[in-house]
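Accompanying notes for the structure given below.
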Amino acid sequence: MRTIKYLVVHCTATSQKTAISSIQTYWKKQLGWKMPGYHFIVKPDGEVVSLLPIEQVSNGVKGFNHESINISYIGGVDPKNIPQDNRTLPQKASLLQLLTALKQKFPKAIIQGHRDFPNVKKACPSFDAKKEYQNV
Ligand SMILES: [Zn+2]
Numbered sequence: 001m002r003t004i005k006y007l008v009v010h011c012t013a014t015s016q017k018t019a020i021s022s023i024q025t026y027w028k029k030q031l032g033w034k035m036p037g038y039h040f041i042v043k044p045d046g047e048v049v050s051l052l053p054i055e056q057v058s059n060g061v062k063g064f065n066h067e068s069i070n071i072s073y074i075g076g077v078d079p080k081n082i083p084q085d086n087r088t089l090p091q092k093a094s095l096l097q098l099l100t101a102l103k104q105k106f107p108k109a110i111i112q113g114h115r116d117f118p119n120v121k122k123a124c125p126s127f128d129a130k131k132e133y134q135n136v
């Protein structure tokens with residue numbers, strides 16, 4: 001296993017109705033990525049979908065991917081694409097459950113949002129993950 005320093009929380013910055021398959025197509029076709037952007041994606045109904053084994057490196061945070069596990073919920077923007085924390089209750093519950101399990105596995109890892117990394121000019125994940133998960 002690689003060394004995990006960060007458990008990073010993201011949003012997809014799409015409508016909550018967006019299908020995971022179309023997000024994956026965007027990564028491959030538009031961005032030319034061989035690996036997915038996140039290890040886990042949480043659907044509005046709370047289902048956690050694994051896109052990549054955590055032993056492998058995903059494309060969540062430029063410069064920090066080798067030491068990160070990337071987790072995202074579908075959503076994070078309003079209909080005008082303005083950042084909005086629109087997590088459903090099942091999404092909130094699943095995120096908490098997943099982060100708790102990963103933190104048990106990697107006790108030294110820091111839980112923070114994408115926007116908490118240096119020089120990130122995004123609102124992702126549209127809420128203060130550091131604060132919300134400080135006691136996990
Ligand atoms: Zn992000």
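Its first residue numbered 1, the sequence shown is counted upward by one per residue in our numbering.
For glycine and all other residues, C-beta sits at the position ideal for the given N, C-alpha and C.
Between the C-alpha atoms of glutamine 134 and cysteine 11 there is a straight-line separation of about 19 Å.
Residues with their Cβ less than 5 Å from any non-hydrogen atom of ligand 1, running along the chain, are His10, His114 and Cys124.
With a minimum length of 3 residues, the unbroken runs of beta strand (DSSP E) contained wholly in the segment 38 to 106 fall at 40 to 42, 48 to 50 and 68 to 73.
Leaving aside the five residues that flank alanine 13 on each side, the residues in its chain whose CB is nearer than 7 Å to its CB run, in chain order, Gly76, Val77 and Cys124. Around the CB of proline 79, fewer than 16 other CB atoms lie within 10 Å, so the residue is classed as exposed.
When DSSP states are grouped into helix, strand and coil, isoleucine 4 belongs to the coil group. Around the Cβ of arginine 2, a 10 Å sphere holds fewer than 16 other Cβ atoms; the residue is exposed. Under the three-pair Cβ rule at 8 Å, the segment 35 to 42 counts as touching the segment 59 to 76. In this structure, Ser15 is the residue among Lys5, Val9, Leu89 and Ser15 with its C-alpha nearest to the C-alpha of isoleucine 82.
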